[in-house]
Every structure is written in structure tokens, then in C-alpha cells.
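Asker:
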Amino acid sequence: MSFYHPDRSLPRRFGLIQASFLQSEGLPFAEVLSEAQIQQAFADEGVDFAQEEDEIYTPPLTLWGFLSQVLHKGEQRSCMAAVSRILVLLVVLGREPCAKNTGAYCRARAKLPEKVIERLAVDVARGCEAQVPRGWLWHQRHVKMVDGTTCSMPDTEENRAVYPQPSSQKEGLGFPLIRLVVALSLATAMLCSAAMGPYSGKETGEMALLREVLDQFAPGDILLADRYFCSFFMIALLLNGKCDFVTRLHQRRKTDFSRAERLGKGDHLVVWKRPEKPDWMDDAMYEQMPLTLTLRQVEVQVHQPGFRTESLVVVTTLLNAKKYRREEIADLYRRRWQVELDIEAIKITLGMDVLRCQKPEMVRKEIWTCLLAYNLIRKTMLQAA
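Here the numbering used here is used: the first residue of the sequence shown is 452, the next is one more, and so on.
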């Protein structure tokens with residue numbers, strides 16, 4: 452099994468864990484993310500502040516305050532509410548209380564490096580991934596599910612300059628959008644990596660964002676993705692990194708089994724030829740790309756509750772039909788829709804669909820704080836399991 456066993460109560464359990472952190476008297480996630488871990492992450496990046504005795508907002512306290520914000524909704528998500536929670540906590544601990552205004556907290560929050568928050572989120576996921584039972588893996592291999600999404604943010608001049616509104620929106624009537632591509636573990640349901648960029652413009656699509664994080668996948672990993680990511684060069688890059696790929700055949704590529712090698716019913720080996728060089732690739736890289744790729748195409752029936760049964764073709768680099776049976780490939784692809792549920796949990800439950808920060812650098816930190824909170828909730832659920 453994996454953490455994605457067919458348990459329809461998982462969304463409810465996620466909400467219950469989140470609620471338990473909201474009701475706790477202490478700092479959120481202190482039991483699953485220690486002060487020492489946070490201090491070490493900041494030290495490794497050469498970041499330190501609040502060294503004077505009268506400075507209250509240390510890196511751990513500031514990050515915990517930020518985490519408390521993304522757990523809440525509405526006015527309780529504000530900086531003022533976060534300062535109020537920190538003030539109560541300091542009084543309970545018998546420490547010098549902080550000022551009631553948000554100035555010092557906001558300045559400290561701005562000092563939190565995006566890279567450190569990202570590192571903490573990814574490290575939490577990697578630590579749990581390394582400890583999962585072997586029975587939770589697929590053929591003893593780690594599967595990463597990839598998908599894209601978008602988030603909106605306040606319509607400020609700074610945000611618009613980096614993350615413009617989509618061209619489909621009339622000027623002054625929409626909001627800036629940021630595009631994300633995320634990879635989540637099939638075994639733990641935790642976020643393993645993410646890339647973000649503007650919604651529109653040159654090299655801002657989901658494919659380009661995925662290329663930015665390919666080096667974060669380990670040899671032997673299997674990437675599971677929708678047909679948007681199905682391309683000759685993406686598959687070639689993954690194979691070069693010793694990763695495998697399972698994806699749906701892109702709608703523009705025609706299925707022709709007349710020249711294919713038949714492995715069984717609805718199961719064939721096909722050969723793809725290298726297409727012309729894309730604009731994003733230089734000549735040297737293009738010359739290193741293989742002239743052909745031998746791939747496996749599997750016919751799959753997908754049954755989703757509330758939807759009609761759909762017939763589709765899955766493309767994979769897992770060529771050994773004896774080791775990876777057609778039915779197993781089909782079942783693996785059917786699990787892909789789980790990533791959409793998890794993205795929904797992050798965006799809706801943790802309020803990442805509509806961000807609050809007024810500047811682009813803080814928007815990215817807010818996103819990574821949401822992703823860190825999501826992973827910490829998932830870690831708590833794993834420990835309970």
C-alpha cells in the first residue's frame with residue numbers, strides 16, 4: 452500500500468490535524484519541527500538575526516508565527532493576529548512580551564530567506580520518504596506525482612511587475628497570478644519539490660518549470676504525470692537522470708500500433724523519432740539528445756466516481772512487461788488523480804488559492820510556508836498511521 456490507500460476519510464483527517472494545531476496552546480508544529488532543526492537550517496545558510504537581548508523575534512519564533520498564519524483563515528491570518536498569538540505565548544512562557552504592533556514581526560518575517568523555508572519543507576519530506584515501509588513503495592521504487600496549478604495574489608504594483616495578470620483578464624479587473632509545478636510522493640503524500648514562475652511569458656509554462664527541478668529527483672524515481680508533460684525531450688531528460696516516466700499520451704500525438712511490437716493485449720513497444728530543436732534548447736544540448744526513444748504504450752480504462760469510464764493510452768519508459776505488468780501500469784496511472792486532491796487540500800484548506808502578501812518576494816515565502824505547513828501536517832498523519 453501507500454499513504455494513498457482508498458480511505459475517503461483522508462480529507463477529514465487532514466482537517467482534524469489542522470484543527471488540533473489551531474487549538475494547541477504552544478507554537479504550531481513544535482513537536483514535528485524542533486527549534487534546533489530550524490536553527491540548524493538557518494545556520495547552514497549563514498542567516499542569523501535577533502542576536503541582541505532585547506530582540507524577541509528569533510528565526511524559529513518568526514517562522515512559527517508565519518506558520519500560525521497559514522493555518523488560519525480570514526482576519527486570524529493577519530500579521531496582527533499572529534503577533535497577538537505570539538504575545539500570549541511569551542506571557543505563558545514567562546518571557547518578555549513583544550510589542551502589540553506588527554512592525555518588528557513584519558521586519559523579522561521579511562528576513563526569513565525563501566531558500567531556508569524551501570529547504571525545511573523539502574527536508575521534512577525527504578526524511579519521511581526515507582523511513583516509509585517498503586510495502587508502501589511501488590515495486591520498491593519511489594513514485595513522484597507531478598502536476599501544475601496557479602495562485603492569485605493582491606493586485607499591487609510590485610506583484611504585477613513580476614507576476615502579470617493573464618491576458619484574458621481586463622486591466623484593473625483581475626489579479627496577478629503565479630504558476631506552480633509540484634511533485635508529491637505517492638508513498639507519503641508529501642510535497643517533494645516545487646517550482647514557481649509567472650503565469651505567462653517566455654519559458655513560464657509547466658514544462659519549463661518542471662525542467663527547473665529535474666535535478667531534485669533521485670536515480671530510480673518514477674515520475675507520474677498528466678499528458679501535458681508527455682514530450683520526447685522531457686522523457687529523454689528523465690532517462691538521462693536515470694528516472695522513469697509514466698504519463699498519458701499527448702492528444703497531438705497519434706496512436707499507431709501498425710508498426711509497433713506487440714507485448715500483449717493493449718500493450719505495445721513503439722519508437723519515437725527526435726523532433727526538431729525547440730527554442731529553449733541550445734545546439735549542444737540538442738546534439739546530445741537521442742535520435743530515437745523506445746517507449747511502451749498501454750491502453751488503460753480509468754474509472755472515477757461520478758465520471759464516465761474513459762479509455763486512454765499511457766506512455767511509459769518501464770519497458771519490461773514481465774516485471775511491470777500492463778494492469779500494474781494502468782493501476783499506477785489511475786492513482787495520478789490523487790495529486791489533484793492534495794493540491795486542492797493545500798490551496799483550499801491552507802488558503803493558498805488566494806495569497807495575502809503585497810510583494811513578490813513575500814508571496815513566494817508565503818507559498819513555501821504553506822507547503823511547509825502541509826508537509827508538517829502530513830508528517831503528523833504519518834506518525835499516527
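Cβ coordinates follow ideal geometry from the N, Cα and C atoms, glycine included.
State the Cα-Cα distance for the pair G717 and F493, rounded to the nearest angstrom.
Answerer: The sequence position of residue 717 within the sequence shown is 266, counting from 1. The sequence position of residue 493 within the sequence shown is 42, counting from 1. Using only the alpha carbons, I get a separation of about 52 Å.
Asker: Hey, how far is the Cα of Q739 from the Cα of T655?
Answerer: Residue numbering aside, residue 739 sits at position 288 when the sequence shown is read from its first letter. Residue numbering aside, residue 655 sits at position 204 when the sequence shown is read from its first letter. Spanning the two alpha carbons is a distance of roughly 24 Å.
Asker: What number of angstroms, rounded off, separates the C-alpha of A687 from the C-alpha of Q752?
Answerer: Here residue 687 corresponds to residue number 236 of the sequence shown, with the count starting at 1. Here residue 752 corresponds to residue number 301 of the sequence shown, with the count starting at 1. Answer to the nearest angstrom: the Cα atoms are 27 Å apart.
Asker: Tell me the DSSP secondary structure of Q474 in three-state form.
Answerer: Residue mapping note: residue 474 aligns to position 23 of the sequence shown, counting from 1. Residue confidence is low: Q474 scores 49 on pLDDT, short of 50, so the model does not pin down where it sits. Its coordinate-derived value is still stated next. Q474 falls in the helix class under three-state DSSP.
Asker: Straight-line CA distance for C579 to G623?
Answerer: For the purposes of this step, residue 579 is identified with residue 128 of the sequence shown, where counting begins at 1. For the purposes of this step, residue 623 is identified with residue 172 of the sequence shown, where counting begins at 1. Rounded to the nearest angstrom, the two C-alpha atoms are 44 Å apart.
Asker: Taking DSSP as the reference, what is the three-state secondary structure of K798?
Answerer: Here the question's residue 798 lines up with position 347 in the sequence shown. Of the three classes helix, strand and coil, the one that applies to K798 here is helix, per DSSP.
Asker: Quick one: grab the DSSP three-state call for A676.
Answerer: Here residue 676 corresponds to residue number 225 of the sequence shown, with the count starting at 1. Strand, per DSSP.
Asker: I686 by DSSP, collapsed to three states: which one?
Answerer: The sequence position of residue 686 within the sequence shown is 235, counting from 1. Helix.
Asker: Could you check where the alpha helix (DSSP H) with T513 kicks off and where it finishes?
Answerer: Residue mapping note: residue 513 aligns to position 62 of the sequence shown, counting from 1. Residues P510 to L522.
Asker: Verify whether the separation of the beta carbon atoms of H719 and Q748 is less than 8 Å.
Answerer: By 1-based counting over the sequence shown, the position of residue 719 is 268. By 1-based counting over the sequence shown, the position of residue 748 is 297. It is a contact, given that the beta carbons lie within the stated cut-off.
Asker: Within the same chain, show all residues whose beta-carbon is closer than 6 Å to that of Q809, passing over the 5 residues directly before and after it, in chain order.
Answerer: Residue numbering aside, residue 809 sits at position 358 when the sequence shown is read from its first letter. Counting only Cβ-Cβ distances below 6 Å, and skipping sequence neighbours, we find P605 and T607.
Asker: Going straight from the alpha carbon of M813 to that of I799, what length do you get?
Answerer: In the sequence shown, counting from the first residue as 1, residue 813 sits at position 362. In the sequence shown, counting from the first residue as 1, residue 799 sits at position 348. For M813 and I799, the distance between alpha carbons rounds to 20 Å.
Asker: Taking DSSP as the reference, what is the three-state secondary structure of D804?
Answerer: Counted from its first residue, the sequence shown places residue 804 at position 353. In this structure, D804 counts as coil in the three-state DSSP scheme.
Asker: So for M596, helix, strand or coil by DSSP?
Answerer: By one-based count along the sequence shown, residue 596 stands at place 145. M596 falls in the strand class under three-state DSSP.
Asker: So what does DSSP say about Q416, is it helix, strand or coil?
Answerer: Because the chain is modelled from 452 through 836, residue 416 falls outside the range shown and cannot be assessed.
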